[in-house]
Structures are given as C-alpha cells and as structure tokens.
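>
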Amino acid sequence: MILFTFPGQGAQRPGMLHALPDHPAVIRTLDETSDALHDDPLNLDTLKAFESTVAVQLCLLIAGVAMARFFIAHDAGPHMVAGLSIGAYPAAVTAGALDYADAVRLVARRGQLMENAYPHGYGMAAIVGLDRSQLEPLIARVHSPAAPVYLANLNANRQLVIAGADEPMRLVMRLALGQGATKAERLAVGVPSHCELFDAAAVEMRAAFSRVAVQRPQLTYLSSSIARALFEPRSIAYDLANNMARQVHWFETARLAWERGARLALEMPSGSVLTNLTAPVFTDGQALCCDNNRIDTLLALLSREQAQL
Numbered sequence: 042m043i044l045f046t047f048p049g050q051g052a053q054r055p056g057m058l059h060a061l062p063d064h065p066a067v068i069r070t071l072d073e074t075s076d077a078l079h080d081d082p083l084n085l086d087t088l089k090a091f092e093s094t095v096a097v098q099l100c101l102l103i104a105g106v107a108m109a110r111f112f113i114a115h116d117a118g119p120h121m122v123a124g125l126s127i128g129a130y131p132a133a134v135t136a137g138a139l140d141y142a143d144a145v146r147l148v149a150r151r152g153q154l155m156e157n158a159y160p161h162g163y164g165m166a167a168i169v170g171l172d173r174s175q176l177e178p179l180i181a182r183v184h185s186p187a188a189p190v191y192l193a194n195l196n197a198n199r200q201l202v203i204a205g206a207d208e209p210m211r212l213v214m215r216l217a218l219g220q221g222a223t224k225a226e227r228l229a230v231g232v233p234s235h236c237e238l239f240d241a242a243a244v245e246m247r248a249a250f251s252r253v254a255v256q257r258p259q260l261t262y263l264s265s266s267i268a269r270a271l272f273e274p275r276s277i278a279y280d281l282a283n284n285m286a287r288q289v290h291w292f293e294t295a296r297l298a299w300e301r302g303a304r305l306a307l308e309m310p311s312g313s314v315l316t317n318l319t320a321p322v323f324t325d326g327q328a329l330c331c332d333n334n335r336i337d338t339l340l341a342l343l344s345r346e347q348a349q350l
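Using the working numbering, read the sequence shown as starting at 42 and increasing by one per residue.
Take a look at the structure:
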C-alpha cells in the first residue's frame, strides 16, 4: 500500500511552486488557488515572500495538493495520507475530507493567526542525539512563563524538536549539547508551533472550521498529532484546527502507517525531511521523496506497488 506524506514548515524552498510538473492537475490547482486568494500563487515562493508564515504555509499546501493530484491523475495515488503540522491540510484535501478552496482560506487564516501572535523572537529548534527522557528535564530547568520553551515534535526516538522564545531555546540547545546531543539546530520556522502558546489561535481555528464542511475521507487519514487514523468529519476538523497547538508524534504515525500495510511512503514537495524520518520504520519497504527523483521513476514505483495489491 502507498502512503503520501506532506511536510511541515521548514521544508519550503524558493521556487518550489515553479518546479512543479507542467500538467493539467497542477495548473488546475494553481488556478483554484488564485480564485481563492484573489492573487497569483506563483508570487508566494520567493525568498522574500518566505519571510511571511502565511506564504510558507500556503506554498506547502499548494505544492502538496498539486503533486498528489498529479500522481492521482496517473492512477498512482495513495491509500493513506499523513502530514506534519501544516502538511495535515494537503493530506486532508488529498483524502477527500476537505475542499481545496476551503483549505486555501483556512491555511491563510492559520498562518496569519500564527504570525500575528508571534511576529518575532520565537521559533523552533531540532535536538538530535537525546531521547525524550533526557531532553524533558533540560526543558524543565529552563522553562518559565517569562521564558517559555516546550517539547514540540517527537520525530524519532532521538530526533526531537523544541519550540518557544529565542533565548530559552538557546539555553536548552546549549544544555543538550553538554549532555551529549550530536546536533542542536535552529529550524527555518519563525513561530513556536506545537505547544500551548497557540492554544488561543486554535480556538480561532475551531471557529473557522465551524463554517466549513468536512467530509468523511475517501482514503485513510492519519493524524500525526495523536498517531491515529481518523474517519469522522468532526474528528478530522478538530485535528486540523488544533494541530498548531499539539505535539507532533511522527515516529508513531509512520509506524501506524506501516502496521496498517503501507510499504511505499512518498513525500510530497518539498525536501526530504519526512523521508529521512520515515525510512527507519519502513526498513523492509521504501521511503522516497519527490525532490531529486525522476518523475517517471516514481510513477513506475507507484504503479508497481498498486499492481501488487
């Protein structure tokens, strides 16, 4: 079975929309985006535009949906989907749970809420080489209401992400390196996602979702917030609205996909972050990304996996 994965903020790269295949499915996605935004989406993928959280999140939505539609148009679509953070939105669209135009407007609202709440002085950082039991005491030593820092993403047993204000994050990174972490790196994310700092924004998103029709998915939608398959529209809407304020459990989500029968995981543009995180779980399968792979090769692999079912 085939799993499509959709990356989160930090995976963006300049020109990512311009690099999409010249195909009717992609053109349709760009046209629908333009109608929903009343603007040209191809203006969103510049280095300057990426200074805005709104532009970054929209680009990841557009690229994810466009590329998934491209493969579906070639009868090489997924059986299940999973997205990290903003990636949950293109995952929900691909699963048939969320209308694309609604997703565009919701993501624009989400990005604006996040950007307005923390316009500067906050972000996220990856800590590699420590497990949760080693990192959480270091966070507890630093965290306070005046110096917030939280454990945000559990991407792998020893690949964790913290979120919060700049200075407490720097202190946790320094402590982690002193305790044996092999890497502590600031991510290209300008907001402190996946912690309680966004509880108020999540309330706003729940209100926005109350005005949108979410459907029962046509394929399996995996939530990376709770590492469960969700089928009820209300549960999916709640998951999407709240995921900015909830921890990410990617390792458990990838393992859930494997346990449900996925053997080929393909990451939508851009980057290979999720591929690298998923590969250790798919040891007897394949984890690939669209970037740096030939389209014809990917289509052949997807078709082969479809034929084995």
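For each residue, glycine too, the CB sits at the ideal point set by N, CA and C.
Treat the numbers as computed from the prediction; the structure is a model and nothing was measured.
#1: Roughly how many whole angstroms lie between the Cα atoms of residue 277 and residue 308?
#2: Residue 305 CB to nearest chain D CB: under 8 Å?
#3: Between residue 50 and residue 234, which are expected to be in contact by the criterion C-beta below 8 Å, what is the C-beta distance as a whole number of angstroms?
#4: Give the C-beta separation of residue 170 and residue 190 to the nearest angstrom, bearing in mind that I take them to be a contact with Cβ-Cβ under 8 Å.
#5: Mapping the DSSP letters down to three states, classify residue 220 as helix, strand or coil.
#6: By Cβ distance, which residues of its chain are closer than 8 Å to residue 329, with the 5 residues on each side in sequence left out?
#7: Is there contact between the region 175-182 and the region 133-148, where contact requires at least three CB pairs shorter than 8 Å?
#8: Are at least three pairs of beta-carbons, each pair with one atom in the region 152-172 and one in the region 196-204, less than 8 Å apart?
#9: How is residue 121 classed by DSSP in three states: helix, strand or coil?
#10: For the beta strand (DSSP E) that residue 190 lies in, which residues bound it at each end?
#11: Return yes when the Cβ of residue 274 is within less than 8 Å of the Cβ of residue 257, no when it is not.
#12: Which same chain residues end up closer than 7 Å to residue 294 when comparing Cβ atoms and leaving out the 5 residues on each side of it in sequence?
#13: Mind pulling the beta strand (DSSP E) runs of 3 or more residues that sit fully within the region 261-323?
#14: Determine the direct distance from the alpha carbon of residue 128 to that of residue 284, and round the result to whole angstroms.
#15: Which residue spans inside the region 107-181 form an unbroken alpha helix (DSSP H) run of at least 4?
#16: Per DSSP, residue 46 forms a beta bridge with which residues?
#17: Do residue 67 and residue 107 have their CB atoms nearer than 8 Å?
#18: Judging by CA-CA distance, which residue of 196, 238, 156 and 158 is the nearest neighbour of residue 185?
#19: By the 10 Å Cβ neighbour count, where 16 or more other Cβ atoms means buried, how is residue 152 classified, buried or exposed?
#20: Straight-line CA distance for residue 156 to residue 95?
#21: Just tell me which of 158, 110, 282 and 114 has its CA closest to the CA of residue 249.
#22: In terms of residue numbering, what span does the alpha helix (DSSP H) encompassing residue 259 cover?
#23: How big is the Cα-Cα spacing for residue 54 and residue 103?
#24: Can you list, in chain order, the residues of its chain with a C-beta nearer than 6 Å to that of residue 209? Leave out the 5 residues immediately preceding and following it.
#25: Under the DSSP definition of a beta bridge, which residues are partnered with residue 351?
#26: Please list the terminal residues of the continuous alpha helix (DSSP H) segment that includes residue 328.
#27: Measure the CB-CB distance between residue 172 and residue 198 and report whether it falls below 8 Å.
#28: Which residue from 59, 43, 126 and 244 puts its Cα closest to that of residue 116?
#29: Note down the Cα distance separating residue 194 from residue 271, rounded to an integer number of angstroms.
#30: The alpha helix (DSSP H) with residue 244 in it runs from where to where?
#31: Thinking residue 318 and residue 121 are a contact (beta carbons under 8 Å), I'd like their distance in whole angstroms, please.
#32: Checking 8 Å against the spacing of the C-beta atoms, do residue 79 and residue 111 come in under that value?
In this structure, then:
#1: 21 Å
#2: Structure shown: chain D not included; a single protein chain is present.
#3: 7 Å
#4: With 8 Å as the limit, residue 170 and residue 190 do not qualify as a contact, their Cβ atoms being about 18 Å apart.
#5: coil
#6: 305, 306, 307, 308, 316, 339 and 342
#7: no
#8: The count of Cβ pairs closer than 8 Å, one atom from the region 152-172 and one from the region 196-204, reaches three, so the stretches are in contact.
#9: strand
#10: 190-197
#11: In this structure, the beta-carbon distance from residue 257 to residue 274 falls below 8 Å.
#12: Cβ neighbours of residue 294 beyond the five flanking positions: 123, 263, 265 and 268.
#13: 261-264, 269-271 and 305-308
#14: 10 Å
#15: 129-135 and 141-158
#16: 123 and 308
#17: yes
#18: 238
#19: buried
#20: Each residue's Cα considered, the two are about 7 Å apart.
#21: The shortest C-alpha separation from residue 249 is found at 282.
#22: Here residue 259 belongs to no alpha helix (DSSP H), and DSSP marks it neither H nor E.
#23: 13 Å
#24: 183, 188 and 190
#25: With the chain running from 42 to 350 in the structure shown, residue 351 is simply not present.
#26: Taken as a continuous stretch (DSSP letters only), residue 328 belongs to no alpha helix (DSSP H), being part of the beta strand (DSSP E) at 327-330.
#27: Cβ distance < 8 Å, so residue 172 and residue 198 count as in contact.
#28: Scanning 59, 43, 126 and 244 for the CA closest to the CA of residue 116 turns up 43.
#29: 20 Å
#30: Segment 240-250, the alpha helix (DSSP H) holding residue 244.
#31: Not a contact, Cβ separation roughly 16 Å.
#32: no
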